[in-house]
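Position 241 of the sequence shown, counted from 1, bears residue number 247 in our numbering, the numbering being contiguous throughout.
What follows is a single structure, written as structure tokens, with notes after it.
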Amino acid sequence: MFKMNISIIGVGVQGSAILSTLRGIYEISRIDCADLNIARARRVKSRLKDDRIRCSRVDASNLHSLLKVLKGADIVINSTLPKFNRKIMEAALKCGAHYIELASDDPLGELELKERWVDAGLTAAITQGGPFTLNAPVRAVSESMDVVHEIRLRHGWRGADGEPVPVWSPSWCPEVALSEWESSPVIYRGGVYEKAQTFSGMENYHFPGPLGQLTVCHVDYEPVYTLPRFIDKGLNYVDCKIPPDLIAGSLIKMGLASRKTVKVKGVKVAPRDLLLTLLPHPADIYEIGNPHPNVHLCYLGEIEGERKGVRILHKVYRLTSASENVEKYGVRWADVSVPVAVVTLMLISGEIEPGIYPPEGLPQQFLKNLADWGFEFQNVEYNIQ
């Protein structure tokens, strides 16, 4: 197995967790971590104390800047904003590097680029962020059925009781957290992608373990787009629901997330810029300690279909917590960093053919390799009328 050079674009909460997890991979000879804020990248390097890590400044919106940073990279890991995906993908192709991303605002458009990656003999693993890893076991379960009617994704989390008047402080990129609730949710129904109202489809869902009953609603998530492309067994319906972020919703409805400038006492300012400036970046919060309480997480998929004439409902899920992740992997966000590390190893060992793949498009070996890392899913199946 060859040793490879890795480049990480974006060293925020997720990027720093990925960097920390990659340190344990012997097959990596160099890790370049690049961020617009090079001081943050240097602080992460200082904390991790690994001589293989190099830091540089990059402007992910500028192709020339990306090409300069990615020179010599074998694998590019994109942990910055989805709006930069196409630029980073293009730079990776030009540099002859494989590509891994966490999220996308246009997964179907990215899948359309498959032939370019095949022709280049390279692989792009798209939408590999934490919740989306569930797509892989969802497809595996679907393959065991004769017919698949519906897939319902339900993601939930519960932390310790916070302050009576909470401060809006998302644990991942605030820009992405806002965008998540600005986009109209999409539901796949009868071969068509339908738009729904934001914060629609509210329901009380009972999650396993300590989460219990949580209110969830429709959200615009990548699996709703990609799963129908990889599961061809009569699939008629796919949706995804997560707990609503009501504070984000209020900020958006009040116009405080608007990019349009307004004049305040003679000064022009975009409310969104002011809001994001006032918010502490979660990566900086984690650098100064661990003030956040433990959080329990569950990523769950319901697959309804038929096997040998019997209608069945299969639930597959991963239940974990931030404290468990720290104990097992040394980082809170191992649900992101471990799958990315596994995909990185598979690219190094040549286990993934050239092309573009979301988690459900990866070889079945992906699930086996995850299990080797102690990253497993639980399964429950029922016969239904």
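For every residue, glycine included, the Cβ atom is placed at its ideal position computed from N, Cα and C.
The region 96-172 contains, as complete beta strand (DSSP E) runs of 3+ residues, the segments 104-107, 129-131 and 153-165 (chain order).
In this chain, the beta strand (DSSP E) harbouring residue 200 covers 198-201. In this structure, the CA atom of residue 146 is about 30 angstroms from the CA atom of residue 29. Residue 57 holds the alpha-carbon nearest to the alpha-carbon of residue 36 among 176, 97 and 57. In this structure the region 316-334 lies against the region 135-146, because at least three pairs of beta carbons, one per stretch, are closer than 8 angstroms.
Scanning the region 13-48 from its first residue to its last, the whole alpha helix (DSSP H) runs of 4-plus residues come out as 19-28. Three or more Cβ pairs drawn from the region 64-73 and the region 85-95 lie within less than 8 angstroms of each other, which places the two stretches in contact. Three or more beta-carbon pairs separated by less than 8 angstroms are not found between the region 181-189 and the region 348-362, which leaves the two stretches without contact. According to the DSSP secondary-structure assignment, residue 245 is paired through a beta bridge with 158.
For the pair residue 245 and residue 158, the CB atoms are nearer than the 8 angstroms cut-off.
The Cβ-Cβ distance between residue 12 and residue 34 falls below 8 angstroms. Residue state for residue 262 is assigned as coil, using DSSP reduced to three classes.
Taking residue 283 as reference, the option from 130, 181, 88 and 163 with the minimal CA-CA separation is 181.
Taken atom to atom, the span from the alpha-carbon of residue 229 to that of residue 387 is near 22 angstroms. With contact defined as three or more Cβ pairs closer than 8 angstroms, the region 147-154 and the region 211-230 are not in contact.
DSSP, reduced to helix, strand and coil, places residue 371 within a helical segment of the structure shown.
Judged by DSSP in its simplified three-state form, residue 78 adopts coil rather than helix or strand. Taking 8 angstroms as the cut-off, the beta carbon of residue 155 is found closer than this to the beta carbon of residue 242. Following the DSSP letters along the chain, one finds residue 63 inside the beta strand (DSSP E) bounded by residues 59-63.
When the beta-carbon positions are compared, residue 41 and residue 16 come within less than 8 angstroms of each other. Straight-line measurement puts the Cα of residue 259 at about 24 angstroms from the Cα of residue 272. As computed with DSSP, residue 302 is found in a beta bridge with 164 and 327.
Bounds of any alpha helix (DSSP H) do not take in residue 225, whose DSSP letter is neither H nor E.
With distances taken between CA atoms, residue 267 lies nearest to 280 out of 133, 280, 373 and 174. Its chain contains 161 and 305 as the residues whose beta carbon lies nearer than 6 angstroms to that of residue 137, once the 5 sequence neighbours on both sides are disregarded; these appear in chain order.
The count of Cβ pairs closer than 8 angstroms, one atom from the region 116-131 and one from the region 199-211, stays below three, leaving the stretches out of contact. In this model, residue 360 and residue 9 are separated by some 19 angstroms (Cα to Cα). Counting along the chain, the unbroken beta strand (DSSP E) around residue 193 starts and ends at 192-195.
At the C-beta level, residue 135 and residue 108 come within 8 angstroms of one another. Comparing C-alpha distances from residue 194 to each of 61, 261 and 247 shows the shortest one belongs to 247. Straight-line spacing of the CA atoms in residue 61 and residue 45 works out to 9 angstroms. Residue 70 sits in a helix when the DSSP states are folded into three classes. Nearest to residue 176 by alpha-carbon distance, out of 369, 226, 261 and 252, is 252. Under the DSSP assignment, residue 337 falls outside any beta strand (DSSP E); it carries neither an H nor an E label. Take the alpha-carbon of residue 301 and the one of residue 331: they are about 10 angstroms apart.
One thing to note: residue 123 has its Cβ no nearer than 8 angstroms to the Cβ of residue 131.
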